[in-house]
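Structure record follows, encoded as structure tokens.
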Amino acid sequence: MEVKYYGHSCFSVHIGGKTILFDPFISFNELAKQVDVNAIKADYIFLTHAHQDHTADALTIAKNNNAMVVGIWEISQWFNNQNYTNTHAMNIGGFWQFDFGKVQMVKAVHSSSFPDGSYGGNPVGFVITDGTKTFYYSGDTALTLDMQLIPLRHSIDFAFLPIGNNFTMDITDAITASNFIQCNHIIGMHYDTFGYIQVNHEEAIIQFNKSGKILTLMNIEQTIEL
Ligand code: NI
Ligand code: MN
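One gets my numbering by counting positions in the sequence shown from 1 and adding 54 to each.
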């Protein structure tokens with residue numbers, strides 16, 4: 055699976071011949087000025103919650119690509135209310151077979167409202183598999199014991215976890231989370247973008263290494279194969 059980073063928590067993953075994009079926040083991201091939002095290709099846009107730093111560019115990119123927006127019911131409704139109807143609503147615990155692979159929506163511990171004040175439902179994460187590899191994209195979340203449920207149904211090859219602290223887990227809790235989900239390769243997200251979430255990259259990587267884990271911190275517009 056080819057993984058590309060667009061800054062903050064926004065990644066695209068090429069899976070099953072499709073490109074799925076997570077939590078696009080680019081045009082307001084000072085660190086991602088070089089990214090051309092209108093050049094981003096996506097067949098699907100997965101949204102974990104409604105906060106601006108996860109949804110700011112979702113409608114633009116969705117319209118540009120006629121991408122299917124996947125999120126919890128209330129997020130799907132918000133897009134429908136903007137006259138964007140290519141949506142797939144899910145709710146926590148549910149699985150759905152898409153053309154690229156199978157997805158489970160899982161719990162996250164956070165909050166969720168749109169910048170216009172409308173309710174975004176509960177925050178979520180996603181576990182996604184093409185049948186050969188499986189990954190977990192947690193969204194913004196605290197460490198939670200519910201993560202221990204994930205390996206009961208899934209064997210996670212790599213996971214996207216927040217490490218920035220203040221709004222989400224910090225590095226120490228992200229390491230515990232990677233133990234809970236039984237995964238040794240973590241791609242860090244939700245750090246450095248704005249105040250409160252600055253992270254010392256070297257120290258973060260060393261901390262993960264000491265726990266026998268690999269932390270990958272990608273450069274914006276970098277692509278890796280996983
Ligand atoms: Ni958030
Ligand atoms: Mn956030």
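Backbone N, C-alpha and C fix where the C-beta goes; we use that ideal spot for every residue, glycine too.
Relative to the ligand MN, residue 192 has its C-beta separated by 8 Å or more from all heavy atoms. Going by beta carbons, residue 56 and residue 278 fall inside the 9 Å limit. Residue pairing of residue 157 in beta bridges, as defined by DSSP: 150 and 182.
Nearest to residue 145 by C-alpha distance, out of 101, 234 and 63, is 101.
Close CB contacts of residue 134 within its chain, under the 7 Å cut and outside five residues either way in sequence, are with 141 (chain order). Short note on residue 169: C-beta not closer than 8 Å to any heavy atom of the ligand NI. CA-CA distance, residue 239 to residue 267, rounds to 6 Å. When the beta-carbon positions are compared, residue 91 and residue 111 come within less than 9 Å of each other. Closest in C-alpha terms to residue 206, from the list 214, 194 and 181, comes 181.
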